[in-house]
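Trainee: Got a structure for you, written out below as structure tokens; questions coming shortly.
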């Protein structure tokens, strides 16, 4: 794009995958030939049919699944540093008997201290800020099991924001939210990514919303990811791989 200065980005600031194939077995490959380089401040959305491999791709970036082929480098390291990766799964992984505050402080702890240390003052501050940012300060002491599905999803988002990650992996993180809350939470997360030069990879089934949030948009076709823009696949669209 004219007028932009090209800036070199160090390897330990980017997320990359090379010739990546993902799935659950060598005879069950879902997506293959994936080559990506993601830079600080970049938001990437992945759209496509159910069961095509979108969640599996996020789990591979999170280090929860090994690639069938190829490699993933998170900030210069295979699988990266777990404390630098914030993951919002579809199944939220919250502790149902614990309070909103406790769940979010666990996220803050994951990003800043050993899991064996007690909650530090910094963890408590980051947790409270994150809870306030998703509008749940009034539910601070409420057990997760007493929250609605949408409120639980907001807790999961707050848990990730409290972690202060460099990479956010989000799987349908806006599901079950009413329109007003959806817009608030979406803006909080996107603002965090831009202001902190983080990287975000999100799975979003709503194509229009994916376009609204992302700098780059990919859709899964067969076993490939195709990069698209402005809602139309151009004739020379780049097949990643």
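Numbering (my numbering), first residue to last: 4 to 244.
Using N, Cα and C, we set each Cβ at its ideal position, and we do this for glycine too.
What you are looking at is a predicted structure, and each value in this text was computed from that prediction instead of being measured.
Out of 229, 180, 107, 71, point me to the one whose CA is closest to residue 166's CA.
Mentor: Checking every option, the nearest Cα to that of residue 166 belongs to 107.
Trainee: Residue 65: beta carbon under 6 Å from a heavy atom of the ligand PLP?
Mentor: No copy of the ligand PLP appears in this structure; indeed no ligand is present at all.
Trainee: Output yes or no for whether 7 Å exceeds the beta carbon distance between residue 174 and residue 34.
Mentor: For residue 174 and residue 34, no; Cβs fall outside 7 Å.
Trainee: Going by DSSP in three states, residue 165 sits in which element: helix, strand or coil?
Mentor: Residue 165 falls in the helix class under three-state DSSP.
Trainee: Determine the direct distance from the alpha carbon of residue 159 to that of residue 131, and round the result to whole angstroms.
Mentor: Cα-Cα distance, rounded: 14 Å.
Trainee: Using 8 Å as the threshold, is the stretch 135-155 in touch with the stretch 185-198, meaning 3 or more CB pairs across them?
Mentor: Enough Cβ pairs lie closer than 8 Å, so yes.
Trainee: Under a three-way DSSP split, which group does residue 87 fall into?
Mentor: Three-state DSSP puts residue 87 in a helix.
Trainee: Put residue 21 into one of helix, strand or coil per three-state DSSP.
Mentor: In the structure shown, residue 21 sits in a strand (DSSP, three-state: E or B).
Trainee: Whole alpha helix (DSSP H) runs in the stretch 176-235 with 4 or more residues, listed along the chain?
Mentor: Correct list: 182-198, 210-216.
Trainee: Please report the distance separating the alpha-carbon of residue 193 from that of residue 164.
Mentor: Distance between the alpha carbons of residue 193 and residue 164 is about 11 Å.
Trainee: Do you know offhand how far residue 98's Cα is from residue 147's?
Mentor: Spanning the two alpha carbons is a distance of roughly 7 Å.
Trainee: Looking at the secondary structure, which residues open and close the alpha helix (DSSP H) in which residue 130 lies?
Mentor: Residues 124-136.
Trainee: Count the other CB atoms within 10 Å of the CB of residue 104; is the residue buried (16 or more) or exposed (fewer)?
Mentor: It counts as buried.
Trainee: So residue 58 is in the alpha helix (DSSP H); what residue range does that whole segment cover?
Mentor: Unbroken alpha helix (DSSP H) run through residue 58: 57-64.
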